[in-house]
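See structure below.
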């Protein structure tokens with residue numbers, strides 16, 4: 001049975017973290033110290049300095065606010081430098097998140113700030129304490145991701161994840177497909193499934209915009225897309241990678257497109273404008289409200305999210321055997337006939353429901369908490 | 001997805017879609033081995049690692065390479081049946097990079 | 001009055017450079033390797049950098065990111081590097097390790113996929129770091145000529161820059177001044193250029209950053225900024241004639257290059273900020 005934490009704003013969390021969020025890079029060390037003092041909280045670090053005139057201030061503020069307001073977070077302790085960082089506190093409050101602010105300028109430096117923040121953080125941990133309750137599946141939002149893809153991805157793990165995604169959507173949950181660079185070549189396959197012709201057009205435009213930007217800049221994307229690991233794994237071109245990647249989203253109708261870190265307005269399958277970069281993508285998904293991520297990997301990627309469980313699915317049994325403890329489910333049996341797409345699809349669905357309901361994933365066990373915010377300028 | 005069993009009963013290649021002109025190796029294949037798909041016998045020319053592609057029929061220079069029943073790129077030279085199909089003889093039709101095409 | 005030259009104390013490197021610190025650096029080539037890098041460093045006496053890059057860069061941005069990571073590993077304050085890669089990333093950890101090694105810096109490599117996952121990579125990395133650290137701890141420091149010291153200044157648009165450059169040069173050091181980058185990105189450029197020490201000039205409520213392996217002398221340029229974050233600054237330089245301010249900063253630089261810890265080193269700030277030249281794919 002799916003369980004979670006009901007939130008005041010009507011959303012449901014599948015974890016109940018207290019997040020220590022630095023408002024800018026100069027506050028990273030203070031946030032890190034708070035998490036060292038108080039292991040019950042989770043801290044992230046990022047590279048944004050909030051320098052005056054930064055053209056990315058809007059998208060980064062939106063991303064950090066969305067991440068902190070994810071329903072897996074019961075409360076946020078925001079470490080600011082001074083009043084210039086208050087916008088982020090307002091954005092968190094506006095999204096219905098419980099937030100306390102500790103300003104470095106009021107404590108004279110990093111260490112004294114961390115000491116003061118520790119007391120505040122322990123109060124937040126107590127205030128956010130909650131019990132799990134039966135959760136409606138319609139409240140679940142699952143990110144669909146692949147990283148370190150290989151020639152098996154589009155044959156084993158991705159279509160099996162697609163079966164799980166189709167089932168979740170049929171039961172009223174939401175799933176989100178991202179990595180627009182890895183949809184080049186798959187637009188016909190996706191646009192035909194849009195719930196309206198307008199949304200079909202949005203999908204095509206999203207992918208075209210990326211392609212035109214790359215061509216306009218005269219950039220050579222070889223070596224980046226596909227990556228050296230993809231090529232070693234048998235993927236030849238971006239189209240081949242894309243056609244395999246798009247299979248993560250199954251065959252369900254596509255309800256809409258989302259900007260980076262944007263939240264779905266309804267339920268169903270959505271496409272988010274994210275880069276292929278695994279961590280920038282995962283942060284975008286979580287900032288957009290995903291409580292859970294399903295992540296297929298061919299080469300073996302151990303990463304996870306600071307606040308969302310991430311279920312890893314290997315595309316081949318060799319990588320599953322080679323990285324014990326990093327991968328939750330092996331889809332490699334599909335290629336050799338010991339499993340079917342349907343049987344692995346069911347295993348993935350069951351693992352997602354179990355992870356949402358509290359079972360730790362491999363990346364959580366290892367403390368994989370990678371974090372990266374997309375820049376657009 | 002369609003496939004033919006190998007001598008030991010284990011499938012060695014698959015075509016993801018019946019329209020494809022490449023097969024995906026399910027295990028490492030050595031030159032001289034033969035695999036069969038849809039009444040076509042393919043003698044393996046190059047070493048093909050598992051997960052990589054082998055030409056099911058000759059693909060002429062500039063012709064589309066088909067996997068998933070879709071175009072995944074264009075052959076940059078003539079690719080004989082049984083040869084490894086990869087970055088050395090296929091380029092993206094969408095984002096080939098400034099030096100290509 | 002004759003000005004005494006700097007008398008920096010440090011470590012001779014096989015490539016002819018000298019460092020004023022002797023750190024072991026655990027450097028992830030990609031964000032996916034940061035957890036393993038941090039766990040290795042936390043279990044040992046090494047420093048680890050956490051960053052968000054290494055995959056799906058293109059064009060000039062790829063070169064810039066790669067050169068920056070390589071430069072951090074080549075900084076003369078680093079006695080040895082453990083490069084941690086994943087195995088499928090754009091900036092391949094193994095080739096980065098080879099590039100650093102070709103400049104005669106001690107470097108080892110652990111690839112997470114090849115090592116057999118997170119746990120195995122951490123275990124392998126710990127073994128390597130402990131062995132390398134034992135070697136580093138046996139190295140003796142010595143006094144070196146001030147002309148081998150490169151001091152980095154993180155901005156060019158401050159009236160203190162010119163007198164500060166003069167003061168450093170009078171004391172025998174070379175100076176690099178960053179133009180066209182700010183904050184953490186400026187620090188990264190200086191560290192990658194080989195500066196053994198960075199002077200950071202902060203005014204108008206700017207908060208100081210630290211850098212892994214490279215001491216940052218944080219100088220507050222106005223009383224309000226200094227008061228606000230007094231513990232994180234090494235000194236305030238304001239209210240006096242600029243020549244006297246420059247002399248105060250130079251005195252502190254002299255102490256730091258003889259082993260005095262900076263505020264950033266004491267609080268353990270190892271900030272890493274890479275300015276991106278184009279979007280991630």
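Chains as they are written, first to last, in this note's numbering: chain A, 1 to 377; chain B, 1 to 101; chain C, 1 to 281.
Note that beta-carbon positions come from the ideal geometry of N, C-alpha and C, so glycine has one too.
Counting only runs of 3+ residues, the beta strand (DSSP E) found wholly inside the stretch 145-206 of chain A occupies 174-177, in chain order. The way I'd put it, the stretch 111-130 of chain C doesn't touch the stretch 170-178 of chain C; fewer than three beta-carbon pairs between them come closer than 8 Å. The alpha-carbon of residue 90 of chain C is positioned some 20 Å away from that of residue 188 of chain C. Put simply, of B:11, B:50, B:57 and B:27 the residue whose alpha carbon is nearest the alpha carbon of residue 19 of chain B is B:57. By the 16-neighbour rule on beta-carbons within 10 angstroms, residue 45 of chain C is exposed.
Taking the CA atoms as reference points, residue 33 of chain B sits about 59 Å from residue 18 of chain A. Comparing alpha carbon positions, the residue from A:52, A:162 and A:285 closest to residue 374 of chain A is A:285. Cβ-Cβ separation between residue 316 of chain A and residue 245 of chain A: approximately 16 Å, too far for a contact (criterion under 8 Å). Judged by DSSP secondary structure, residue 67 of chain B falls within the beta strand (DSSP E) whose first and last residues are 64-67. A contact between stretches requires three or more CB pairs, one per stretch, nearer than 8 Å, and the stretch 114-125 of chain C meets this requirement with the stretch 318-331 of chain A. No Cβ of chain A is located within less than 7 Å of the beta carbon of residue 196 of chain C.
Residue 29 of chain A belongs to the set of residues whose beta carbon lies under 7 Å from a beta carbon in chain C. Beta-bridge pairing by DSSP links residue 21 of chain A to A:78. With a cutoff of 7 Å on beta-carbon distance, residue 180 of chain A and residue 221 of chain A are scored as not near each other. Of all residues in the stretch 209-224 of chain C, only 209 and 210 come within less than 8 Å of chain A when Cβ atoms are compared, listed by chain position. Around the CB of residue 3 of chain C, fewer than 16 other CB atoms lie within 10 Å, so the residue is classed as exposed. The CB of residue 366 of chain A comes closer than 8 Å to the CB of 35, 118 and 119 in chain C, given here in chain order.
For residue 260 of chain C, the closest of C:220, C:228, C:273 and C:216 by C-alpha to C-alpha distance is C:216. The three-state secondary structure of residue 363 of chain A, taken from DSSP, is helix. Excluding sequence positions up to five before and after residue 30 of chain C, its CB lies within less than 6 Å of the CB of 54, 55, 86 and 89, all in the same chain and listed in chain order. No Cβ of chain C is located within less than 7 Å of the beta carbon of residue 313 of chain A. Taking the C-beta atoms as reference points, residue 151 of chain A is found nearer than 7 Å to residue 235 of chain A. The residue from C:38, C:221 and C:6 with its alpha-carbon nearest to that of residue 240 of chain C is C:221. In this structure, residue 232 of chain C sits away from residue 113 of chain A, with a CB-CB distance that is not shorter than 7 Å. For residue 150 of chain A, the C-beta contacts it makes with chain B under 8 Å involve 51, in order along the chain.
Listed by position along chain A, the residues whose Cβ is nearer than 8 Å to that of residue 231 of chain C are 108, 109, 110, 111 and 112. Interface with chain C (7 Å Cβ-Cβ cutoff): residue 90 of chain A is excluded. Residue pairing by DSSP puts residue 12 of chain A in a beta bridge opposite A:6. When secondary structure is reduced to three states using DSSP, residue 197 of chain C falls in the strand class. According to the DSSP assignment, residue 116 of chain A belongs to the alpha helix (DSSP H) that extends over 110-128. Comparing alpha-carbon positions, the option among A:298, A:270 and A:226 lying closest to residue 91 of chain B turns out to be A:226. The C-beta distance from residue 259 of chain A to residue 273 of chain A rounds to 6 Å, short enough to meet the 8 Å contact threshold.
A residue is called buried when at least 16 other Cβ atoms come within 10 angstroms of its Cβ; residue 8 of chain A does not meet this threshold and is exposed. With the criterion set as a beta carbon lying under 8 Å from some beta carbon of chain C, the members of the stretch 43-56 of chain A are 45, 46, 47, 49 and 51, in sequence order.
What residue 231 of chain A touches in chain B, judged by beta-carbon distance under 9 Å, is 86 and 87, going in chain order.
In summary, residue 10 of chain B is exposed, with fewer than 16 beta-carbon neighbours lying within 10 Å of its beta-carbon over all protein chains present.
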